[in-house]
Each structure stands twice: as structure tokens, then as C-alpha cells.
Amino acid sequence: MERSKQRLPLYTTIALISGFILSFGFGVANYIQLLYYAFEPPSYPIEITYVPLFLMFFSLLLGEFSFRFYSRIPALQFQNGKLLILIASHIAVDIQFLWFATTPIHAKVIPYLMNKAKHVNFGEYQAIGDVLTGNFHTLTMIFVFLPTVFMILFTLWYSGHIIRYREEILKWVQKYEYKNHKLQKWFNSQEEQIHPDVDIGPHIKHKEMIRIKGKDRTLNGIIIGPIGSGKTSSLIIPMINQDLHWMVRFINKFENTYKKNNYDTEEVKGTFLNGITVIEPSNDLCQKVFKLVQAHKIPESSIYYIDPTNPDTKNINILRGPVDKVAEVFAMVIQGLSESNNAFFEQAQRNHLKQHIYLLKLHNPQKDVTFDDLIDMYVRVNVKINMYIFACLSMYKINHFLC
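Numbering-wise, the sequence shown is residues 113 to 515 according to our numbering.
See the structure below:
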């Protein structure tokens, strides 16, 4: 069922093109038959019919929709395919018009002329009458081919305009893609959506949703707008909400997908969104995102909400790790935030901070120190003195034990 739903746009476009080709072929066959009657008159009278007129509008609609739908079906497209359909649709309308315009000539004009030629009385000027009516077959052909001559002249006229702007027309045809917000989901159903694509909003002109492909999102992006323009409410939150849908998909499929031998490949693992990180200073967005996470019923074990206003929040201890590495990394981060242009004081601050970190972590190696302890050293001098005394006593005990 899902397979048939994906192929429905393809089958519909094939049906449109097939109907267009049939109507085009039917019109060509009938028009050629009328041209043949100019040389070999039929044995039966030709009646005026409105079928060509109906097929002319029918071919116009079929050609138009075939061209539009074809531009959204990648499985059918080939080089210059859109241009071929566009030209064929115009030719089909011209052929149906020629059929419609030539039929009355056979049905009314030629029988009328033949009747007048038989009943006209030239009297004593019969010789002149024989000259005028003797080449009646040529006159018939002139009338039959009159619509064709008109169509050729018209085609030459508008072909001149096409040739004049051929580069612009060819560029437009190559880039053309039919847009319809009501049919967008139907056209998009051709491809199984496996990458974390997100819709960011409708286009101003054609109202189709603008979609950022999952593969393109790895190239980074930026949202620019003044304060209060709606960046968070109209773009950021809807995008995060869609990402949460993709994350739920990953959670639901993880158990079975992880067992596959090719799980670590880009074709499998690269199609999943396995996490979202939201960082913002005011905490308003984080609270809204947290509610969205709860609405998607994502397990709490997969949620890490670091809320500075909550003393019991999950946290990251940036001072955990080897003392030399922690001191160096922490000093580099603080240096990056500093706006000082004085190299001497900048280096002095760096050394001062590293010495404080060394003292904080080494005065009691068994203690899991935190950033609050480092701040406390700067605020309360006696804490720093006590740490120094404790560190000296520890070093004295170690040296005394070794000796």
C-alpha cells in the first residue's frame, strides 16, 4: 500500500502524458486524412464536428499539466525532457486547430463551390466558364491548405520572438519546477523521508513549505532578525519540535536498527537524529523545549536539562579531570573571554588562575571540587589560606613518610 502511494504521482504523470500523446496522435491522423481528401475526394460527405475544438482545449490542458507534473517527477526526467514536452504541447494545439479549421472547408466550402460550378450558366461565354471551372482541383487545394499556410506564418512570427529570447527561455525551462502548496505533500510522497528534514515556513509567492534537507543541515545555518520579530516562536521552536519527531523515530527504531551489520555506516546511522542540544541565556526557550520533550514522551533518562536556577539540576563539573589539563583548558577559556589588550597583565591573570586551580585540586585530591569552590577562593581569602596550610601539611606528611 505504501509503495503504491509513493508511485501514485508517477503513474498519474504517465497517464497524463499518455493521454496527451493519444490526443496528439488522433489529431495528426485526422488532419492528414483531411489533407489527403484534397487530392482524393471522399466518397461520402464530411460533416462538421466539434470534436477537434474539444480536443484542442483537452490537449492544451493535458500538455500543460503534463509539463507541470513532469517537472516534479525525478524518475521520468531526462535531458531536455521538459523542453520536449513544452514544444509538443504547443504543436498538439496547433494540429487540433488545423483539424478544426480544415473540416468546415471540406464540409461546406468545397461542396458549395462544386454546386455553383455545375449550375452557373455562362451563356454564349461558355468557353470562359470552362476556363474558370476547369482547374477547380487547384482551387480546392488552395482552400484546404489555407489554414496550414496561416498556421505556418503564425508559427514563424512567434518563433522569431522565441529565438530572440531563447537563452532566457531555455534557462527558465531547465530551472522550472511546478509549485502548488495543495499538492506538495502528494509530490513529496514519492521519496521516503529518511533524513531529518525540517520545514521552516511557506514561500511568499507560491505558499509551498520551504524545506531544509537533513543532509544540508550539517553545513550549519543562522537565523537573523531584530528583537521581537518572531525568530523563536516562528522558526526555532517549530524546527526543534520537528527535530523531536525525528529523535522519537530514532528511539523507536534503535533496538532493531542497532542489530544490523551496517549500522555504523552513513547510509544507516547517518539518517538518524540522535540528539538535540539547546543553549540559551534566558532559560525561556529551554523551558518551552523541555515541555515539548515531555509532550513527545521522550524517556527522562535521555534528557539532560541543566537549569542554573534549580540547585538540584544535572550539571557538568568543568573542574573534573587531571589537574594540569583542567588548569590549562580553563585558563584558555577565560583568556578567550577576556578583552584585555595588555599582554603582561593577560599572562599574569592566566598564571594567577592556574595557580588557584592547582591549589584547589591538590590541597585535597580526594575531594571532588566544583566551580563554586573556585569562586569561594576569590571571595573569601581565609578559605584560600586554609587550603594552602592544608596543602603544606599534606606535603610535609608525604615527605616525612618517604624519608
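The beta-carbon is built from N, C-alpha and C at its ideal position, and this holds for glycine as well.
So is residue i buried or exposed if we call it buried at 16+ other beta carbons inside 10 Å?
i: Y182; result: buried
i: C515; result: With a pLDDT of 49 at C515, under the threshold of 50, the modelled position of that residue is not reliable, and the figure given next carries that caveat. By the 10 Å Cβ count, C515 comes out exposed.
i: L128; result: buried
i: T215; result: buried
i: Y143; result: buried
i: I469; result: buried
i: V445; result: exposed
i: T383; result: buried
i: T125; result: buried
i: I339; result: exposed
i: I497; result: exposed
i: L505; result: exposed
i: V491; result: exposed
i: I89; result: With the chain running from 113 to 515 in the structure shown, residue 89 is simply not present.
i: R278; result: exposed
i: P154; result: exposed
i: I158; result: buried
i: V401; result: buried
First and last residue of the alpha helix (DSSP H) that includes residue i?
i: D328; result: Here D328 belongs to no alpha helix (DSSP H), and DSSP marks it neither H nor E.
i: V380; result: First-last for V380: undefined, no H or E at that position.
i: A187; result: Unbroken run through A187: none, as it is neither H nor E.
i: T260; result: L258 to R276
i: G193; result: G193 to P216
i: T369; result: I349 to Y370
i: Y490; result: F483 to V491
i: D419; result: Neither: D419 is in no alpha helix (DSSP H) and is coded neither H nor E.
i: Q296; result: Q296 to N300
i: V405; result: D396 to A407
CB residue i to CB residue j, shorter than 8 Å?
i: M321; j: Q302; result: no
i: Y149; j: H249; result: no
i: S171; j: A204; result: yes
i: T425; j: I415; result: no
i: S135; j: L174; result: yes
i: V495; j: D488; result: yes
i: H293; j: P308; result: no
i: I410; j: M359; result: yes
i: V519; j: D355; result: Given that the chain is displayed from residue 113 to residue 515, the structure contains no residue 519 and the question cannot be resolved.
i: I391; j: I352; result: no
i: K466; j: A439; result: yes
i: E289; j: R184; result: yes
i: L120; j: W211; result: no
i: I222; j: F255; result: yes
i: A187; j: L282; result: no
i: L472; j: Y500; result: no
Determine the DSSP secondary structure at residue i, reduced to helix, strand or coil.
i: G175; result: helix
i: P314; result: strand
i: C515; result: A caution first: C515 carries a pLDDT of 49, below 50, which makes its placement in the model too unreliable to give a value.
Using only alpha-carbon positions, find the residue among the options that is nearest to residue i.
i: V380; options: M168, K371 and I388; result: K371
i: S394; options: G387, T421 and Q406; result: T421
i: L312; options: K294, V205, K343 and T330; result: The residue you asked about is not Leu; residue 312 is Ile in the sequence shown. Measuring from the Cα of I312, the nearest candidate turns out to be K343.
i: H318; options: F299, K291 and I339; result: K291
i: M507; options: H475, N373 and V493; result: H475
i: Y224; options: I207, H202 and T252; result: T252
i: N305; options: V261, S271, T267 and R361; result: Strictly speaking, residue 305 in this sequence is Gln, with Asn absent from that position. Nearest C-alpha to Q305: R361.
i: I207; options: V261, N332 and V221; result: V261
i: S130; options: D328, L465, S201 and P477; result: S201
i: A213; options: E176, P259 and L188; result: P259
i: T161; options: P153, R180 and G139; result: G139
i: N427; options: N364, V435, F483 and Q461; result: F483
i: I334; options: K327, E378, I348 and S341; result: I348
i: N463; options: F442, K473 and P477; result: F442
i: N386; options: V401, F366 and E152; result: F366
i: F169; options: F132, I264, I430 and P350; result: F132
i: C398; options: S345, L195, K117 and I363; result: S345
i: S413; options: T377, Q461 and I363; result: I363
i: V163; options: Y156, G337, F209 and L195; result: F209
i: N192; options: M226, K220, W284 and Q118; result: W284
Say the cut is 7 Å; is the CB of residue i nearer than that to a heavy atom of the ligand MN?
i: L356; result: Looking for the ligand MN in the displayed structure turns up nothing, as the structure carries no ligands at all.
With 8 Å as the threshold, decide whether the Cβ of residue i is near any Cβ in chain C.
i: V495; result: Given the protein chain composition of this structure (a single chain), no chain C is represented.
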